[in-house]
Structure formats: structure tokens, C-alpha cells
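**Student:** So in this note's numbering, the last one in the sequence shown is 422, and the numbering has no gaps at all. What follows is a structure written as C-alpha cells; I'll ask about it next.
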Amino acid sequence: AVVSTQSGHYGRGMIKCYIALGNLTAASRALQDLKSRDPNNSTSYASENTNINRLRDLEANADKDMNKSDFRRVVYVMDRALEMAPACVNYKTKRAECLALLGRYNEAQEASNEMLRANSLNAGALYVKGLCLFYQDHLDKARQHFLQVLRVDPDHGKARLAVKEVKELESTKQKGNAAFTSGKNEEALKLYRAALLICPNNKLTNAKLHANIAAVYIKLRNYEEAVKACTAAIKLDDGYVKAYARRIVCYQELEQHEDAVRDAEKMHNMEHSRESKQRLRDANIKLKMSKRKDYYKILACSKSANMDEIKKAYKKAALKHHPDRHSHGTEEEKATAEKQFKEVGEAYAVLSDPKKKLRYDNGEDLDDPMGGMHHDVDPTQIFQTFFGGAGGGGPGHQQFFNGGFPHGARGADPGFTFSFG
2 AVVSTQSGHY GRGMIKCYIA LGNLTAASRA LQDLKSRDPN NSTSYASENT NINRLRDLEA
62 NADKDMNKSD FRRVVYVMDR ALEMAPACVN YKTKRAECLA LLGRYNEAQE ASNEMLRANS
122 LNAGALYVKG LCLFYQDHLD KARQHFLQVL RVDPDHGKAR LAVKEVKELE STKQKGNAAF
182 TSGKNEEALK LYRAALLICP NNKLTNAKLH ANIAAVYIKL RNYEEAVKAC TAAIKLDDGY
242 VKAYARRIVC YQELEQHEDA VRDAEKMHNM EHSRESKQRL RDANIKLKMS KRKDYYKILA
302 CSKSANMDEI KKAYKKAALK HHPDRHSHGT EEEKATAEKQ FKEVGEAYAV LSDPKKKLRY
362 DNGEDLDDPM GGMHHDVDPT QIFQTFFGGA GGGGPGHQQF FNGGFPHGAR GADPGFTFSF
422 G
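Rendered as C-alpha cells:
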């Protein structure tokens with residue numbers, strides 16, 4: 002009876018050890034062996050049987066959740082399993098891998114280091130460390146870790162696949178960069194998009210790929226698509242400064258200056274650098290400029306227009322909006338024309354004056370009393386300077402609107418003609 006009791010204690014201890022190690026096959030075999038040698042007490046091993054079945058259920062649930070990419074759930078399940086099997090390397094490895102897949106890299110690396118302290122050749126732990134490096138965009142170091150895994154365990158399927166993904170990702174990205182540098186924009190877009198499909202879980206590398214796509218679209222002046230690409234990059238990495246910088250450029254080109262200021266504020270909060278401070282200042286200036294009258298748009302000329310082009314644009318706009326041209330219109334049409342004619346004169350008064358133009362282009366307030374540059378102007382006087390004659394519908398004006406441009410008039414351009422309609 003004493004021998005039987007000692008044998009039972011020994012067998013139960015072995016079962017508990019196997020359970021703690023997560024070796025459920027060995028635990029089940031030992032349990033069946035113990036029951037067969039002591040059939041009269043088989044019910045006394047109910048707790049061991051329950052634990053084995055419970056762990057099997059947890060393993061099955063973890064596999065299902067892994068297949069559904071529900072990594073958070075897998076971590077939860079493995080935590081419950083490790084409460085019952087605290088020495089199970091497989092459970093620890095699966096938990097650490099899912100932490101890496103969730104982007105919780107510090108926790109994943111800590112768990113891997115703990116396993117490596119117990120066994121420096123733990124292939125699973127080495128793989129998880131490589132995975133963390135891979136997802137943090139350290140592709141070269143990641144590849145080295147995956148190759149080390151294969152030296153330890155040549156049959157490690159995940160490491161073999163990871164080496165292939167790293168090589169393919171690096172190669173495709175480099176080809177895209179080369180195409181972009183050589184001006185092959187469509188080819189660059191195709192390669193960057195192909196690279197995005199290689200490893201959808203690699204958020205940081207894919208954020209850079211989206212930013213590269215944005216750079217191509219900026220080069221093509223397709224700012225709407227560039228904004229979408231930048232936004233995709235920021236969604237993957239909300240601290241990606243370069244994506245914010247590129248989106249600011251795009252927003253400003255699209256005249257969405259309030260959005261540009263918001264991004265500039267986020268950048269400055271992240272960096273607190275002299276460059277970010279200047280970028281925020283510039284964004285605020287452009288926002289302020291966007292809310293004032295756009296004299297270039299009023300004259301329908303580009304911001305790079307020279308003085309001759311500004312004069313030519315003024316002449317065309319002044320003729321188009323002169324009140325006498327709309328004298329037979331409704332009262333509303335007359336009022337609109339008068340307002341537009343005044344704005345045309347105001348625009349020319351600023352853009353034709355080098356000092357005022359410089360201050361305007363720099364976003365300074367021309368109405369600031371300290372600047373001494375008020376731009377209240379008489380649009381009729383400017384018109385007379387160009388075309389001569391009376392500005393209020395007198396004989397000179399009738400001659401102008403009935404007979405075309407009066408050659409030889411003060412400020413006139415003999416080679417410049419207009420046509421209405």
C-alpha cells in the first residue's frame with residue numbers, strides 16, 4: 002500500500018510538471034498510465050484531467066483567434082493559459098508574437114529577452130525580436146535576426162517567409178525610389194503600391210511607402226491624391242513628421258490653409274524645433290493672406306507676373322468691369338461692376354508699387370498705420386492714366402467704348418487690343 006501511495010504521488014507530480022510545461026500529450030499519457038495502475042482511485046485525478054482539457058480548449062481558441070488576426074484576444078487567452086502552465090515556452094512565444102503584431106514592441110521584446118536568458122538559442126524568441134525590428138522599419142537588422150533563427154532551426158517556416166518578405170520589400174522599395182529619382186513617376190507609383198501589398202501588418206514601413214506615393218503626386222501636381230497618401234501614412238504612424246510636412250504643402254497648394262495650420266501645430270507640438278516654429282509661422286501667414294483680397298486673382302494674373310504682365314492684366318480687367326460698359330444693366334449689375342472696377346484699381350495700385358507689392362507678397366497688413374501704406378485709390382484716376390480722356394462717361398469715354406482703344410493716349414499700348422463679349 003505504501004508503494005502504491007508513493008507511486009501515486011510521483012505520478013501526480015509528473016502530471017503537474019507536464020501541465021506546467023504545457024506538454025499536454027505527455028500529461029495525458031501520464032494520467033492514463035496512473036489511472037490504469039490505480040483504477041479504484043481514478044476519480045481522485047479529476048483536477049488534473051480538468052486542467053488538461055482546459056488548456057486544450059485555450060490552445061484551440063488561441064489558434065482560431067490567430068487565424069482571424071485577433072491578436073489582442075490571443076494575448077488574453079495565452080495569459081489565462083500561462084496561469085496554469087507558467088513554464089510553457091510555446092505559450093510565451095505565441096503571446097510575445099501577438100504583442101509584436103499589436104505594435105506593443107517593448108512588451109514583446111521584454112518577453113523575448115526573458116526567454117533568451119533561459120535559452121539563448123530559443124528560435125521562437127529570436128523570431129519575435131526579428132519581428133519587432135521588422136515592424137519598426139529596421140529591415141536590415143530584422144533580416145539578420147531571421148537568418149539567425151534559420152541557423153538555429155532550419156525548418157522554422159515563419160522565419161523563412163519573413164526573410165523572403167524583407168528581401169522583396171527592400172528590393173521593391175529601392176526600385177520605386179530609383180524610378181522616382183529618374184523621373185519615371187508612373188512606374189514609381191506602381192512599385193510603391195506593389196510594396197504595400199507585401200506585408201500589410203508592417204505599419205511603419207508602409208507609412209513611408211504612402212509618403213513616397215505622396216511625393217510622386219506632389220511632383221505631378223496632383224495635390225488631392227497627395228493629401229490622401231499623406232493621410233494614409235499618418236493613419237499608420239501618427240507621429241510621422243515627414244507625412245505632416247508634405248500634407249501641409251498640399252493643403253497650401255489647394256488653399257486649405259486652416260488644415261495646413263492644424264498640421265503645422267501638430268508638427269510643432271511633436272518637434273518643438275526652430276524649423277517647426279518657422280513652418281507654423283509661415284502657415285499662419287498664408288492663412289491670413291488667404292482671408293484678404295487676392296489681388297492676383299482680381300487681375301487674373303499669376304503671382305510671378307512681371308510689371309508688364311500686371312499692366313496688361315489691369316487693362317483687360319478694367320475694360321471688363323468699367324461701369325460705363327454696364328450702364329444699361331440692372332441696378333444690381335451696375336453695383337457689382339462698380340465694386341469690381343474699384344477692386345481692379347485697388348489691386349493695380351498695390352501690385353504696381355514695388356514696396357507695396359513686396360509687403361503684400363510677404364503677408365503684411367497694408368492697412369497697418371505703422372506701415373504708412375494705405376491703399377485707398379481712385380479707380381477712375383488710374384483708368385484715365387492708362388486710357389486718357391474723362392473717367393465719368395464724358396466724350397472721351399464715349400469715344401473709347403464706341404471706337405475701341407484710343408492709340409496714343411497716355412499710358413496706352415499701341416499693340417494692345419480688346420474685344421468684349
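Positions of the beta carbon are idealized from the N, C-alpha and C atoms, including for glycine. Please read all numbers here as calculations on a predicted model, not as lab measurements.
Exposed or buried, what is GLY346 when buried is set at 16 or more other beta-carbons lying within 10 Å of its beta-carbon?
**Tutor:** Here residue 346 corresponds to residue number 345 of the sequence shown, with the count starting at 1. Under this definition GLY346 is a buried residue.
**Student:** Less than 8 angstroms between the beta carbons of TYR77 and ALA101, yes or no?
**Tutor:** Here residue 77 refers to the residue found at position 76 of the sequence shown. Here residue 101 refers to the residue found at position 100 of the sequence shown. Result no, Cβ atoms of TYR77 and ALA101 do not sit closer than 8 angstroms.
**Student:** Which first and last residues belong to the alpha helix (DSSP H) in which HIS269 is found?
**Tutor:** Here residue 269 refers to the residue found at position 268 when the sequence shown is read from its first residue. Note, HIS269: alpha helix (DSSP H), 258 to 272.
**Student:** State yes or no: is the C-beta of VAL90 within less than 8 angstroms of the C-beta of ALA109?
**Tutor:** The residue given as residue 90 occupies position 89 in the sequence shown. The residue given as residue 109 occupies position 108 in the sequence shown. Against a cut-off of 8 angstroms, the Cβ pair of ALA109 and VAL90 comes out as no contact.
**Student:** Can you give me the start and stop residues for the alpha helix (DSSP H) that TYR424 sits inside?
**Tutor:** Past the edges of the chain, shown from 2 to 422, lies residue 424, and the structure says nothing about it.
**Student:** Could you check whether ALA196 and LEU210 sit closer than 8 angstroms to each other, using their CB atoms as the reference points?
**Tutor:** For the purposes of this step, residue 210 is taken as residue 209 along the sequence shown, with counting starting at 1. For the purposes of this step, residue 196 is taken as residue 195 along the sequence shown, with counting starting at 1. Yes.
**Student:** Kindly list the residues whose CB is nearer than 6 angstroms to the CB of MET290, restricted to its own chain and excluding five residues on each side of it in sequence; keep chain order.
**Tutor:** In the sequence shown, counting from the first residue as 1, residue 290 sits at position 289. Cβ neighbours of MET290 beyond the five flanking positions: GLY364.
**Student:** Whose CA, out of ASP138, ASP141, TYR92, GLY104, lies closest to the CA of ALA126?
**Tutor:** Here residue 126 refers to the residue found at position 125 when the sequence shown is read from its first residue. The shortest Cα separation from ALA126 among ASP138, ASP141, TYR92, GLY104 belongs to TYR92.
**Student:** Does the distance from the CB of LEU132 to the CB of GLU98 come in under 8 angstroms?
**Tutor:** Along the sequence shown, read from residue 1 onward, the residue named residue 132 stands at position 131. Along the sequence shown, read from residue 1 onward, the residue named residue 98 stands at position 97. It is a contact, given that the beta carbons lie within the stated cut-off.
**Student:** Given a cut-off of 8 angstroms, decide if ALA338 and HIS327 are closer than it, judged by their beta-carbon atoms.
**Tutor:** The sequence position of residue 327 within the sequence shown is 326, counting from 1. The sequence position of residue 338 within the sequence shown is 337, counting from 1. Yes, the pair counts as a contact, with Cβ atoms nearer than the cut-off.
**Student:** Can you check which of these residues, PHE342, LEU56, LYS36, LEU190, is closest to GLN382 by C-alpha distance?
**Tutor:** In the sequence shown, counting from the first residue as 1, residue 382 sits at position 381. Selected option, being the one with the closest Cα: PHE342.
**Student:** As a quick exercise: from ILE214, LYS236, LEU237, pick the residue whose alpha carbon is nearest that of GLU226.
**Tutor:** Sequence index remark: in the sequence shown, residue 226 carries index 225 (1-based). Out of ILE214, LYS236, LEU237, ILE214 has the C-alpha closest to the C-alpha of GLU226.
**Student:** How should SER303 be labelled, buried or exposed, when 16 other C-beta atoms within 10 angstroms of its C-beta is the threshold for buried?
**Tutor:** Taking the sequence shown and counting its residues from 1, the one referred to as residue 303 is at position 302. By the neighbour-count rule (16 or more Cβ atoms within 10 Å), SER303 is not buried but exposed.
**Student:** Which of the three DSSP states is assigned to ALA244 in this structure?
**Tutor:** If you number the sequence shown from 1, residue 244 lands on position 243. Correct three-state label for ALA244: helix.
**Student:** Buried or exposed, going by whether 16 or more other CB atoms sit within 10 Å of the CB of SER48?
**Tutor:** Translated into the one-based positions of the sequence shown, residue 48 becomes position 47. SER48 comes out exposed.
**Student:** Check this for me: beta carbons of ALA244 and TYR252, under 8 angstroms apart or not?
**Tutor:** Against the sequence shown, residue 244 aligns to sequence position 243. Against the sequence shown, residue 252 aligns to sequence position 251. No, the pair does not count as a contact, with Cβ atoms beyond the cut-off.
**Student:** When the Cα atoms are used, what is the spatial distance from ASN24 to PRO87?
**Tutor:** Here the question's residue 24 lines up with position 23 in the sequence shown. Here the question's residue 87 lines up with position 86 in the sequence shown. One C-alpha to the other measures close to 12 angstroms.
**Student:** So what does DSSP say about CYS18, is it helix, strand or coil?
**Tutor:** Looking up residue 18 in the sequence shown gives position 17. Residue state, collapsed to three classes: helix.
**Student:** Please give me, in chain order, every unbroken run of the beta strand (DSSP E) with length at least 3 that falls completely inside the segment 274 to 323.
**Tutor:** The qualifying runs do not exist here; there are none.
**Student:** Whether or not the segment 236 to 243 and the segment 265 to 280 are in contact is what I'm after, with contact meaning three or more pairs of Cβ atoms, one per stretch, closer than 8 angstroms; do they touch?
**Tutor:** Counting Cβ pairs under 8 angstroms, three or more are found: they touch.
**Student:** On the criterion of 16 or more Cβ atoms from any shown chain inside 10 Å, does SER70 qualify as buried, or is it exposed?
**Tutor:** For the purposes of this step, residue 70 is identified with residue 69 of the sequence shown, where counting begins at 1. Exposed, since its Cβ has fewer than 16 Cβ neighbours within 10 Å.
**Student:** How is the alpha helix (DSSP H) around PRO355 delimited, first residue to last?
**Tutor:** Walking along the sequence shown from the start, residue 355 turns up at place 354. Where PRO355 is concerned, the enclosing alpha helix (DSSP H) stretches over 355 to 362.
**Student:** So, for LEU151: in the same chain, excluding its five sequence neighbours on each side, which residues have a beta-carbon less than 8 angstroms away from its beta-carbon?
**Tutor:** For the purposes of this step, residue 151 is taken as residue 150 along the sequence shown, with counting starting at 1. Closer than 8 angstroms at Cβ, skipping near neighbours: HIS157, ALA160, ARG161, VAL164.
**Student:** ALA212 and CYS200 - do their beta-carbons sit closer together than 8 angstroms?
**Tutor:** Indexing the sequence shown from 1 puts residue 200 at position 199. Indexing the sequence shown from 1 puts residue 212 at position 211. Their beta carbons are not under 8 angstroms apart, which means CYS200 does not touch ALA212 by this criterion.
**Student:** Smallest Cα separation from ASP138: which of LEU281, GLU256, ASN203, TYR315?
**Tutor:** Walking along the sequence shown from the start, residue 138 turns up at place 137. Here the closest residue by C-alpha is ASN203.
**Student:** Could you check how far apart the C-beta atoms of LYS278 and HIS258 are, in whole angstroms? I think they sit under 8 angstroms.
**Tutor:** For this step, residue 278 is matched to residue 277 along the sequence shown. For this step, residue 258 is matched to residue 257 along the sequence shown. Contact doesn't hold; Cβ gap of about 18 angstroms is too wide.
**Student:** Could you spell out where the alpha helix (DSSP H) holding LYS176 opens and where it closes?
**Tutor:** On the sequence shown, position 175 is the one that residue 176 refers to. Counting along the chain, the alpha helix (DSSP H) containing LYS176 begins and ends at 158 to 182.
**Student:** If I measure Cβ to Cβ from GLY184 and keep anything under 6 angstroms in the same chain, skipping five residues before and after, which residues do I get?
**Tutor:** Stepping through the sequence shown from its first residue, residue 184 is reached at position 183. Contacts found: none.
**Student:** Going straight from the alpha carbon of ASN62 to that of ARG74, what length do you get?
**Tutor:** As a working note, residue 62 is residue 61 in the sequence shown. As a working note, residue 74 is residue 73 in the sequence shown. Their Cα atoms are separated by approximately 9 angstroms.
**Student:** Just how far apart, CA to CA, sit LEU59 and ALA31?
**Tutor:** Taking the first residue of the sequence shown as 1, we reach residue 59 at position 58. Taking the first residue of the sequence shown as 1, we reach residue 31 at position 30. Looking at the two C-alpha atoms, the distance is approximately 21 angstroms.
**Student:** Spatial neighbours of PRO380 within its chain, please: C-beta separation below 6 angstroms, excluding the five flanking residues on both sides.
**Tutor:** Against the sequence shown, residue 380 aligns to sequence position 379. Result list for PRO380: PHE342, LYS343, GLY346, in chain order.
**Student:** Can you say whether HIS329 is buried or exposed, counting buried as having 16 or more other CB atoms within 10 angstroms of its CB?
**Tutor:** Residue 329 sits at position 328 when you count from the first residue of the sequence shown. With fewer than 16 Cβ atoms within 10 Å of its Cβ, HIS329 is classed as exposed.
**Student:** Just checking my contact of LEU117 with MET85 at CB under 8 angstroms: how many whole Å lie between their CB atoms?
**Tutor:** For this step, residue 117 is matched to residue 116 along the sequence shown. For this step, residue 85 is matched to residue 84 along the sequence shown. The Cβ separation is near 24 angstroms, so there is no contact.
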